[in-house]
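Structure, as structure tokens:
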Amino acid sequence: MALNNRFFSWRASCYRCAIALDGDTSSPTNWRDMNTTIAREDGPDLAAIEDATFGPSITPIILPRWLDALDWLVLAVLNVALAFEVVLVFTNTLARTIFDTPIMLGIEETSQLLLIVIAFLGGAIAYRRGDFMSIKILVDSMPDKVRVFLNATSEWVVIVNSLVIGVFSIPLIQANAGAKTTMLSLDHIWLTLPMTLGTAMFVIFALIALWRAPRAASIGSAVLVAAMLAVVLLSKDAAWVDTSWYYIYLVAIFIVLLAIGVPIGFVLASVGLGAIVVTGGAPMTAVAMNAQRGAGGFIFLALPFFILAGFIMDRAGIGARIVDFLASMMGHVRGGMLQVMIVGMYISSGISGSKAADMATIGIPMNRLLNQRGYKKSECAALLAASAAMGEAIPPSIAVLVLGSVTSVSTGALFLAGFLPAAVIAASLMLLVYVRARFSGWEPTERASLAVVRSTGKSAILPLLMPVVLIGGIVGGVGTPTEVSTFAVAYGLGLGLLYGKFKLKDMWTVLSESSVLSGMIFFTLAGSTIFSWALSLEGVPQAIAGAVGDLGPKLFLPVVIILTIIMGALLESLVTIVILGPLLLPVALQFGIDPLQYGIVMVEAFGIGGILPPIGIALYVSCTICKTTVEQAMKPLFWYLAVMFVALLFVASIPWITTALPNAFNMKG
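Sequential numbering of the sequence shown, starting at 108, is according to our numbering.
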């Protein structure tokens with residue numbers, strides 16, 4: 108399976124890898140320009156990244172000239188709104204901390220509006236640009252005509268879902284007319300209107316794609332989707348819907364849509380809608396309400412903020428500074444350069460929160476150093492992917508933020524709880540590297556002089572202080588994780604300007620990148636909310652929780668690990684956290700398991716699932732960065748996966764590892 112196999116589409120993640128080339132700011136600002144950009148010799152080839160991760164079947168939708176203005180206008184609204192909210196939350200937090208008086212009340216209400224705008228308008232822009240997650244295993248193995256047909260089918264599925272959500276959002280607007288928010292007196296219409304407009308944009312973009320597809324594919328796929336809809340509608344009054352066949356039916360819809368490359372957010376929404384239509388368990392307006400609810404509350408605002416901080420940090424070129432310092436400290440140890448990668452990824456994970464950004468920040472400069480010292484590219488790729496999985500629990504991890512948002516577990520406590528478990532897994536990886544070095548002939552480098560250590564340390568001190576600032580702000584009571592996330596943006600911006608690798612003119616580009624990536628994430632979360640809500644109406648979560656609960660407390664966490672790894676491997680999406688997190692938490696509490704231990708174990712298992720082939724996006728990104736193939740990386744990856752799994756079982760068996768730091772700072776889950 109060579110790098111040009113296209114199994115997964117996540118353009119935004121790999122784009123982040125591309126723009127992280129030593130903070131290069133000459134990267135394209137949109138995907139239509141991507142193929143015309145030439146990578147530097149010291150970074151991964153951008154065309155290789157594209158071929159490795161997504162293929163021509165998932166391409167940006169080129170708009171007619173008259174619609175380009177709409178695309179730009181919506182993106183401008185998103186960027187201005189995101190920048191305004193960052194400034195508002197940042198200044199409000201400072202004012203409350205310094206003067207004990209916030210500048211403005213009701214920020215939660217403005218944040219809710221922003222997140223709904225990002226989820227649906229930003230989601231539509233992300234869809235148009237080809238940034239949505241979709242599994243392409245089956246589609247890309249098909250002949251061209253079949254692939255075009257399946258892609259057209261995917262567009263029709265998007266249209267049907269968007270129409271249903273959009274049409275039933277209109278009664279919601281009518282019902283909320285005249286209602287005002289408590290603090291700012293915002294009309295509730297504004298909290299629903301972005302969903303109506305966003306779904307309309309999805310329909311327009313999908314219709315444009317269908318218009319440009321071969322007529323046979325567009326018409327034939329329309330007939331297929333109409334037949335699928337007919338089956339759903341005719342099943343509404345069928346006797347078998349109350350039997351176990353109903354669940355087989357839902358699973359079949361899920362598998363088929365996932366296999367033909369429908370974006371994951373729409374796959375989940377389709378299954379949820381199908382369940383509601385067949386069972387009649389709730390009015391269809393409730394679908395729109397849950398899609399709106401899925402955009403989340405104030406805590407979710409930390410996601411676009413940390414994503415923005417990650418993009419800024421990428422352009423600030425901090426990865427090379429951290430790597431150079433660690434290499435001067437540890438390069439002389441046996442297998443030292445690989446040890447540098449592990450420690451570097453641990454530190455980087457405490458800066459950006461995004462797995463792809465972490466891999467780019469550390470992986471690109473490390474790849475050069477490892478190549479210079481004769482390490483195999485396959486070893487570099489395998490360890491980079493494993494280290495990314497290790498860092499999933501380190502704050503400000505997006506997975507941890509989502510888990511805190513969808514459960515009752517304190518996000519601040521989860522932030523502290525993740526450090527030691529990740530350190531245990533990192534130490535296990537380092538021990539394996541040390542042992543393998545004795546048999547692989549990995550020679551240590553010459554010990555760096557004290558002057559070099561001092562010089563590289565001085566250069567890296569400000570980036571290394573970033574995690575201290577973030578965690579210190581939360582533990583010290585300066586602000587919540589959401590409020591402190593604005594400090595990450597300000598700190599990253601300051602470093603970028605100080606190092607001269609980030610210009611103010613770059614701000615529009617990073618805002619655009621952040622808005623589009625956030626839109627994809629939040630729309631997927633909205634789709635997963637519809638999915639989990641529909642299943643909860645039928646008692647599916649309760650049945651699953653009961654089955655897991657019957658296994659007893661000793662087997663509970665190992666089963667959680669296995670379930671999360673499997674789902675993380677299949678979806679490689681935060682949907683895994685959204686579905687399993689709140690589902691199994693009551694069972695964990697029933698067994699007396701600390702919610703922090705439960706949450707961190709799940710997040711780390713999710714990270715391991717995210718690097719498993721054939722779908723794990725992190726593995727493909729690491730192979731692209733290190734310029735090797737998945738086949739070559741698999742052999743060393745097996746050893747790292749085995750050690751990580753054992754280390755995670757060790758963490759699951761000793762609660763103290765997870766709870767020690769939160770208890771020390773009197774933060775409870």
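Heads up, the beta-carbon is just placed ideally off N, CA and C, and yes, glycines get one too.
Spatial neighbours of isoleucine 419 in its own chain (CB-CB distance under 7 angstroms, excluding positions within 5 residues in sequence) are listed in chain order as Val596, Gly599, Leu600, Gly603, Phe609 and Val617. Exclusion of the five residues before and after alanine 190 leaves Leu618 as the residues of its chain whose Cβ lies within less than 7 angstroms of its Cβ. Within the same chain, Thr306, Ala395 and Ala398 come within 6 angstroms of isoleucine 272 by CB-CB distance, once the 5 residues on both sides are set aside. The shortest CA-to-CA distance from leucine 569 to any of Met473, Ser325, Asp421 and Arg428 is the one to Arg428. Taking a contact as a CB-CB distance under 8 angstroms, the pair leucine 185 and valine 224 counts as one, their CB atoms being some 7 angstroms apart. Membership of valine 265 in the alpha helix (DSSP H) is indicated by the continuous run 251-283. Proline 588 and phenylalanine 745 have their C-alpha atoms roughly 35 angstroms apart. Positions of the alpha helix (DSSP H) runs, each at least 4 residues long and wholly inside the region 594-631, cannot be given because no such run exists. Secondary structure note for asparagine 474: its alpha helix (DSSP H) is the uninterrupted segment 462-479. By the Cβ criterion, the region 378-385 is in contact with the region 638-648, since at least three pairs of Cβ atoms, one from each stretch, lie closer than 8 angstroms. Burial is judged here by how many other beta carbons sit within 10 angstroms of a residue's own beta carbon; valine 194 has fewer than 16 and is exposed. The Cβ atoms of methionine 290 and glutamate 215 lie closer than 9 angstroms to each other.
In the three-state DSSP reduction, lysine 287 falls in the strand class (E or B). DSSP lists Lys287 as the bridge partner or partners of aspartate 294. Comparing alpha carbon positions, the residue from Pro472, Ala495 and Gly716 closest to alanine 533 is Ala495.
One thing to note: valine 694 has its Cβ no nearer than 9 angstroms to the Cβ of leucine 375. Here asparagine 474 is buried, its C-beta having at least 16 other C-beta atoms within 10 Å. Only residues of its own chain outside the window of five on either side were considered, and among them Ala119, Gly229, Ile232, Ala233, Arg236 and Asp238 have a CB closer than 7 angstroms to the CB of valine 623, listed in chain order.
Under the DSSP assignment, arginine 441 falls outside any alpha helix (DSSP H); it carries neither an H nor an E label.
Between leucine 571 and isoleucine 471, the CB-CB gap reaches or exceeds 9 angstroms. Residue state for serine 515 is assigned as coil, using DSSP reduced to three classes. DSSP, reduced to helix, strand and coil, places serine 556 outside both helices and strands of the structure shown, so it counts as coil. For the options Gly656, Ile669, Ile673 and Gly438, the alpha carbon positioned closest to that of isoleucine 700 is the one of Gly656. Per the Cβ contact rule, the region 472-491 is not in contact with the region 507-515 (fewer than 3 Cβ pairs under 8 angstroms). By the neighbour-count definition (other C-beta atoms within 10 Å, threshold 16), valine 753 is an exposed residue. Collapsing the DSSP output to three states places leucine 170 in coil. Less than 9 angstroms separates the beta-carbon of proline 171 from that of isoleucine 315. A Cβ-Cβ distance of about 6 angstroms is found for the pair serine 377 and isoleucine 360, placing them in contact under the 8 angstroms criterion. Setting aside the 5 residues that flank it on each side, isoleucine 684 is surrounded in the same chain by Ala506, Val509, Leu510, Val513, Met709, Val710 and Phe713, each with a C-beta closer than 8 angstroms to its C-beta; the list follows chain order. Contact annotation: the region 239-256 touches the region 353-371, with at least three C-beta pairs closer than 8 angstroms. In the assembly as shown, isoleucine 355 is an exposed residue. Its beta-carbon has fewer than 16 other beta-carbons within 10 Å. In this structure, the beta-carbon distance from alanine 320 to asparagine 268 does not fall below 9 angstroms. With a threshold of 16 other beta carbon atoms within 10 Å, glycine 659 falls short and is exposed. Counting only the Cα atoms, valine 666 lies some 14 angstroms from isoleucine 715. By the C-beta criterion, the region 573-585 is judged to be in contact with the region 442-457, since at least 3 inter-stretch pairs fall below 8 angstroms. Cβ-Cβ distances below 6 angstroms link methionine 391 to Phe275 in the same chain, with the five nearest sequence neighbours on each side left out; the list follows chain order.
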